[in-house]
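Visitor: Would you mind keeping the following structure in view while I ask a few things?
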Amino acid sequence: MSPPMATQIHHHHHLHFLIVPLMSQSHLIPMTDFAKLLAAHHCGLTVTIITTPLNAACFQPLINRATSSGFDIRLIPLRFPCSEAGLPESIENLDSLTSPDHVTLFFTATSLLQRPLEKLISELKPPPSCLITSNALPWTSEIAAKFDIPIYVFNAISCFTLLCSNRIEDRIINTDSDSILVPDMPHRIEFKKTQLPEIVRKNASKLKGILDHMRGARGLLVNSFEDMEMKYVEGYKKIAENTWCIGPVSLCNKEVSDKFDRGNKAAIDEHYCLKWLDSKSSNSVIYACFGSLCHISCSQLIEIGLGLESLNQPFIWIIRGADKSAELEMWLETEEFEERNKERGELGEMAKKAVEEGGSSYLNMALLIEDVIQHANQSNGVTKTNALEPSLGSGTMGLIFRGLTIILGKGIIDVKLETDWFTAVRLLNGDIDIQHQHAALVEDSKMLMSRTGTTTTHVCRMSNQRVLITLLAWELINKTRSW
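Laid out in structure tokens, this is it:
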């Protein structure tokens with residue numbers, strides 16, 4: 001990451017970006033990457049990330065390295081009110097929930113952070129120039145209004161998903177049909193109700209609150225890049241004009257240590273993992289991961305394991321700690337699964353160009369900074385600013401950047417891959433359960449393996465899981481690696 005170039009700004013306008021992510025890896029990781037990009041983009045700019053003590057401890061080594069490189073970036077923890085919301089102690093992240101019943105309690109606890117955060121903001125020096133928050137924290141809009149600072153909403157999802165969410169907001173409630181045709185889209189997009197996220201199917205009021213939060217923001221930041229989904233960027237800008245694609249933000253991480261210090265720690269040593277991967281030929285390793293929020297039953301995991309084994313290809317299989325039940329452990333042991341298997345594009349180039357100097361995401365980052373300066377100038381009666389001279393050296397986005405072959409479950413976030421960008425390959429029909437289907441997975445995955453090296457990404461439907469298998473030749477879990 002090259003050192004930031006000097007930019008002259010009115011002396012009253014020391015920019016201070018206050019970032020408040022939702023306590024979930026899918027928000028914390030890209031928003032921390034985004035914070036690093038901001039700090040690197042412009043000298044004299046302060047970035048503060050607000051989170052809870054346990055989450056702060058996970059990301060502190062990453063922030064320490066950034067500050068040692070000369071960036072003005074800091075991490076401030078706020079106590080998470082677990083007990084007040086009825087949560088067990090030490091539950092500070094959506095990934096650590098042990099029961100679906102805790103989800104509502106978790107969001108109740110996040111809303112209880114409003115008053116402590118307001119107190120903190122009143123004491124911060126320099127005072128925040130703006131607030132950048134997750135789309136799932138609508139109460140932060142009240143804080144921005146109280147302190148008369150602009151609020152920008154960060155979205156880890158694509159413009160395609162944002163546009164879909166807005167288009168189907170009312171339709172899901174007002175129809176008896178099991179099939180939903182999303183209106184006013186660049187392509188024909190159709191879902192079954194069962195394929196939509198629970199917040200869309202069962203909690204329309206919460207969805208409306210999130211959408212209203214985004215509509216009321218001064219601008220929206222999307223961890224995507226324009227060349228990947230131009231029609232959907234254009235479509236969403238008709239709803240929210242100040243929508244800026246600033247991704248993939250994960251490309252700010254150049255060092256291996258930075259990539260491995262983002263998020264939860266793996267049970268396997270990263271150096272061993274990289275050494276193992278380096279011993280394999282290119283495009284030969286299969287990576288199987290379902291994300292940190294997706295619960296997979298033991299019977300489903302067993303079928304996935306059998307399917308992976310039958311491919312006769314080296315693989316990395318990520319099993320979430322909460323899913324490693326006694327039943328699964330017994331199967332792994334009695335079947336000697338681990339013992340048997342112990343040995344065993346163009347779009348990516350566009351993503352690189354988007355974040356390089358002069359690329360669309362690079363320029364959109366500059367637009368964000370300029371917009372904050374403009375708001376500060378207006379607030380202080382200043383009508384003219386000097387031009388900025390910026391200098392700037394997230395899981396599906398990271399995979400797309402690498403140009404890897406992907407197999408996805410058919411959900412609202414995944415369907416875009418089937419409509420315009422890539423060729424779809426269906427392994428199973430509709431909502432058929434994954435149990436006893438590993439033979440189908442083997443047959444079609446072998447076909448995909450034979451096509452590696454092309455720029456085509458293949459998508460399949462298998463139950464309602466988000467991501468099933470991604471062909472991988474570089475590293476573990478969500479951590480990207482520079483070759």
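All residue numbers for the sequence shown refer to UniProt numbering, where the first residue is 1 and numbers rise by one.
By construction, the Cβ of each residue, glycine as well, lies at the ideal position given by its N, Cα and C atoms.
What you are looking at is a predicted structure, and each value in this text was computed from that prediction instead of being measured.
Within 10 angstroms of the Cβ of P61, are there 16 or more other Cβ atoms? Answer buried if so, exposed if not.
Guide: Within the sequence shown, residue 61 is the residue found at index 61, counting from 1. Looking at its Cβ environment, which holds fewer than 16 other Cβ atoms inside 10 Å, P61 is exposed.
Visitor: Here's the rule I'm using: 16 or more other beta-carbon atoms within 10 Å means buried, otherwise exposed. How should W76 be labelled?
Guide: Within the sequence shown, residue 76 is the residue found at index 76, counting from 1. Note that residue 76 corresponds to Ile in the displayed sequence, not to Trp. It counts as exposed.
Visitor: Taking the DSSP output, what are the residues bridged to R74?
Guide: What you label residue 74 is simply residue 74 of the sequence shown in a count that begins at 1. Answer by DSSP bridge pairing, in chain order: T48.
Visitor: Write down every uninterrupted run of the alpha helix (DSSP H) in the region 64-123 whose length is 4 residues or greater and which is fully enclosed by it, in chain order.
Guide: Runs of the alpha helix (DSSP H) inside the region 64-123: 82-85, 102-111 and 114-123.
Visitor: How is H213 classed by DSSP in three states: helix, strand or coil?
Guide: To locate residue 213, count along the sequence shown from 1; it is residue 213. H213 falls in the helix class under three-state DSSP.
Visitor: Considering only C-alpha positions, which residue in the set M330, A217 and P21 is nearest to L301?
Guide: Here residue 301 refers to the residue found at position 301 of the sequence shown. Ranking M330, A217 and P21 by Cα distance to L301 puts M330 first.
Visitor: For the putative contact between S24 and N135, defined by C-beta atoms under 8 Å, what is the C-beta separation to the nearest angstrom?
Guide: If you number the sequence shown from 1, residue 24 lands on position 24. If you number the sequence shown from 1, residue 135 lands on position 135. Not really, about 12 Å apart at Cβ, beyond 8 Å.
Visitor: With a threshold of 6 Å on Cβ separation, who are the neighbours of H16 within its own chain once the five nearest residues in sequence on each side are excluded?
Guide: Your numbering for residue 16 matches position 16 in the sequence shown. The answer, listed in chain order, is T46, P126, P128 and S129.
Visitor: I need the boundaries of the beta strand (DSSP E) containing L38, first residue and last residue.
Guide: By one-based count along the sequence shown, residue 38 stands at place 38. Not the beta strand (DSSP E): L38 falls in the alpha helix (DSSP H), residues Q25 to H41.
Visitor: Distance, Cα to Cα, T51 vs S99?
Guide: Sequence index remark: in the sequence shown, residue 51 carries index 51 (1-based). Sequence index remark: in the sequence shown, residue 99 carries index 99 (1-based). Taking the straight line from one Cα to the other gives about 22 Å.
Visitor: In whole angstroms, give me the CA-to-CA distance for S83 and E89.
Guide: As a first step, residue 83 must be located in the sequence shown, where it is residue number 83. As a first step, residue 89 must be located in the sequence shown, where it is residue number 89. In a straight line, the C-alpha of S83 is about 7 Å away from that of E89.
Visitor: For I304 versus I316, is the C-beta spacing smaller than 9 Å?
Guide: Locating residue 304 in the sequence shown gives position 304, where the first residue counts as 1. Locating residue 316 in the sequence shown gives position 316, where the first residue counts as 1. Against a cut-off of 9 Å, the Cβ pair of I316 and I304 comes out as no contact.
Visitor: Helix, strand or coil for K238? Go by DSSP, reduced to three states.
Guide: Looking up residue 238 in the sequence shown gives position 238. Coil.
Visitor: Measuring CB to CB, does S250 end up less than 9 Å from I49?
Guide: Position 250 of the sequence shown, counted from the start, is the residue given in the question as residue 250. Position 49 of the sequence shown, counted from the start, is the residue given in the question as residue 49. Cβ distance not < 9 Å, so S250 and I49 don't count as in contact.
Visitor: Could you name the residues of the same chain whose beta carbon sits closer than 6 Å to that of K237, not counting the 5 residues immediately before and after it, in chain order?
Guide: Position 237 of the sequence shown, counting from 1, holds the residue named residue 237. Only T243 meet the Cβ criterion.
Visitor: Return helix, strand or coil for N166, following the three-state DSSP convention.
Guide: As a first step, residue 166 is located in the sequence shown; it is residue number 166 there, counting from the start. N166: helix per DSSP, three-state reduction.
Visitor: Between the alpha carbons of K280 and G307, how many angstroms are there, rounded?
Guide: By 1-based counting over the sequence shown, the position of residue 280 is 280. By 1-based counting over the sequence shown, the position of residue 307 is 307. If I take the Cα positions, the gap works out to 20 Å.
Visitor: So, is E327 buried or exposed, given that buried needs 16 or more other C-beta atoms within 10 angstroms?
Guide: Along the sequence shown, read from residue 1 onward, the residue named residue 327 stands at position 327. Per the 10 Å Cβ criterion, exposed.
Visitor: Quick check: what's the CA-CA separation for I132 versus D227?
Guide: Here residue 132 refers to the residue found at position 132 when the sequence shown is read from its first residue. Here residue 227 refers to the residue found at position 227 when the sequence shown is read from its first residue. Taking the straight line from one Cα to the other gives about 24 Å.
Visitor: Name the DSSP bridge partner or partners of C130?
Guide: Start at 1 with the first residue of the sequence shown, and residue 130 comes out as number 130. In DSSP, C130 forms a bridge with F17.
Visitor: According to DSSP, simplified to helix, strand and coil, what is W317?
Guide: Within the sequence shown, the letter at position 317 stands for residue 317. Strand, per DSSP.
Visitor: With respect to the beta strand (DSSP E) encompassing residue 516, which residues constitute its N-terminal and C-terminal limits?
Guide: Within the shown structure, residues of the chain are numbered from 1 to 483, placing residue 516 beyond reach of any answer.
Visitor: Can you name, in chain order, every residue of its own chain whose Cβ lies under 6 Å from the Cβ of E339, other than the five neighbours on each side?
Guide: Here residue 339 corresponds to residue number 339 of the sequence shown, with the count starting at 1. Contacts found: none.
Visitor: What's the gap between the Cα of A240 and the Cα of R215?
Guide: Position 240 of the sequence shown, counted from the first residue, corresponds to residue 240. Position 215 of the sequence shown, counted from the first residue, corresponds to residue 215. Roughly 7 Å between the two C-alpha positions.
Visitor: Leaving aside the five residues before and after T67 along the sequence, list all residues of the same chain whose C-beta is less than 7 Å from its C-beta, in chain order.
Guide: If you number the sequence shown from 1, residue 67 lands on position 67. So the qualifying residues of the chain are I73.
Visitor: Check the DSSP bridge columns for K192 and list the partner residues they point to.
Guide: The sequence position of residue 192 within the sequence shown is 192, counting from 1. According to DSSP, which records beta bridges pairwise, K192 is partnered with S179.
Visitor: With the cut-off set at 9 Å, would you say A85 and L54 are in Cβ contact?
Guide: Position 85 of the sequence shown, counted from the start, is the residue given in the question as residue 85. Position 54 of the sequence shown, counted from the start, is the residue given in the question as residue 54. In this structure, L54 does not lie closer than 9 Å to A85 by Cβ.
Visitor: With DSSP collapsed to three states, give me the class of I151.
Guide: As a working note, residue 151 is residue 151 in the sequence shown. Three-state DSSP puts I151 in a strand.
Visitor: Using CA coordinates, which residue listed in L78, I121 and S205 is at the minimum distance from E142?
Guide: Taking the first residue of the sequence shown as 1, we reach residue 142 at position 142. Of the listed residues, the one whose Cα sits closest to E142 is I121.
Visitor: Check C245 in the structure and name its three-state DSSP category.
Guide: Reading the sequence shown from its first residue, position 245 is the one you call residue 245. If DSSP states are grouped into helix, strand and coil, C245 belongs with the strands.
Visitor: Do the CB positions of L162 and N155 come within less than 9 Å of each other?
Guide: Working through the sequence shown from its first residue, we reach residue 162 at position 162. Working through the sequence shown from its first residue, we reach residue 155 at position 155. In contact: L162 and N155 (Cβ atoms closer than 9 Å).
Visitor: How would you write the range of the beta strand (DSSP E) that L220 sits in, first residue to last?
Guide: As a first step, residue 220 is located in the sequence shown; it is residue number 220 there, counting from the start. Element bounds for L220: G219 to V222.
Visitor: In or out: P21 buried (at least 16 other Cβ within 10 Å) or exposed?
Guide: Position 21 of the sequence shown, counting from 1, holds the residue named residue 21. Under this definition P21 is a buried residue.
Visitor: Just to confirm my understanding: we take L97, look at its own chain, exclude 5 residues before and 5 after, and list those with CB closer than 7 Å. What are they?
Guide: Indexing the sequence shown from 1 puts residue 97 at position 97. Excluding residues within five positions, the ones whose Cβ falls inside 7 Å are I91, V103 and F106.
Visitor: Output yes or no for whether 9 Å exceeds the beta carbon distance between F34 and N253.
Guide: Working through the sequence shown from its first residue, we reach residue 34 at position 34. Working through the sequence shown from its first residue, we reach residue 253 at position 253. Cβ distance not < 9 Å, so F34 and N253 don't count as in contact.
Visitor: Quick check: L220 and Y152, are their CB atoms within less than 9 Å of each other?
Guide: Reading the sequence shown from its first residue, position 220 is the one you call residue 220. Reading the sequence shown from its first residue, position 152 is the one you call residue 152. The answer is yes: Cβ separation under 9 Å.
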